[in-house]
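S.K.: Below is the structure I would like to discuss, written out as structure tokens.
Numbering (full-length UniProt numbering), first residue to last: 1 to 114.
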């Protein structure tokens, strides 16, 4: 019997770097809540950047990227979607480095009023 279209679609959408990774022990709703918290942090950062509070916005965005680097180990690639680009190790190291760089940038620049 040939596979159904939905099954073929799911196999094609799987992250090829995570095929051997066991599924997350967390319930799907918990995983979605973790991803939702990341999206909320990015929305807060966008709000701060929109009202010209760039330092607060970049601090929140840097923290959000550090948070995402830890969430990448807990959440399945199917739930993360486009946020899971490569292997868990690469994604975690890359987002942590980017988050630390953003935090360093936002905290190292002197305020304009000083």
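Each residue gets a CB set at the ideal place from its N, CA and C atoms; glycine is no exception. None of these values were measured; they are calculated from a predicted model.
Consult DSSP for residue 73 and reduce its assignment to one of helix, strand or coil.
M.R.: Three-state result, residue 73: coil.
S.K.: When we look at the beta-carbon of residue 20 and count the other beta-carbons within 10 Å, is it buried (16 or more) or exposed?
M.R.: The residue in question, residue 20, is exposed, as its Cβ has fewer than 16 Cβ neighbours within 10 Å.
S.K.: So residue 95 and residue 74 are in contact, right, with Cβ under 8 Å, and what is the actual spacing, rounded?
M.R.: About 13 Å; that fails the 8 Å criterion.
S.K.: Looking at residue 60: is its Cβ nearer than 7 Å to the Cβ of residue 45?
M.R.: Contact: yes.
S.K.: Report buried or exposed for residue 99, applying the criterion of at least 16 other Cβ atoms within 10 angstroms of its Cβ.
M.R.: The residue is buried, with at least 16 neighbouring Cβ atoms inside 10 Å.
S.K.: DSSP three-state call for residue 110: helix, strand or coil?
M.R.: It is coil, neither helix nor strand.
S.K.: How should residue 110 be labelled, buried or exposed, when 16 other C-beta atoms within 10 angstroms of its C-beta is the threshold for buried?
M.R.: Exposed: under 16 other Cβ atoms inside 10 Å.
S.K.: From this set, 97, 22 and 108, which residue's C-alpha is nearest residue 63's C-alpha?
M.R.: Closest option to residue 63, Cα to Cα, is 97.
S.K.: Tell whether a beta-carbon distance below 7 Å holds between residue 58 and residue 24.
M.R.: No, Cβ-Cβ distance for residue 58 and residue 24 is not below 7 Å.
S.K.: Within 10 angstroms of the Cβ of residue 51, are there 16 or more other Cβ atoms? Answer buried if so, exposed if not.
M.R.: Exposed, by the Cβ-count rule.
S.K.: Quick one: what does DSSP say residue 93 is sitting in, helix, strand or coil?
M.R.: Residue 93: helix per DSSP, three-state reduction.
S.K.: Do residue 78 and residue 91 come within 7 Å of each other at the CB atom, strictly closer than that value?
M.R.: Cβ atoms of residue 91 and residue 78: not closer than 7 Å.
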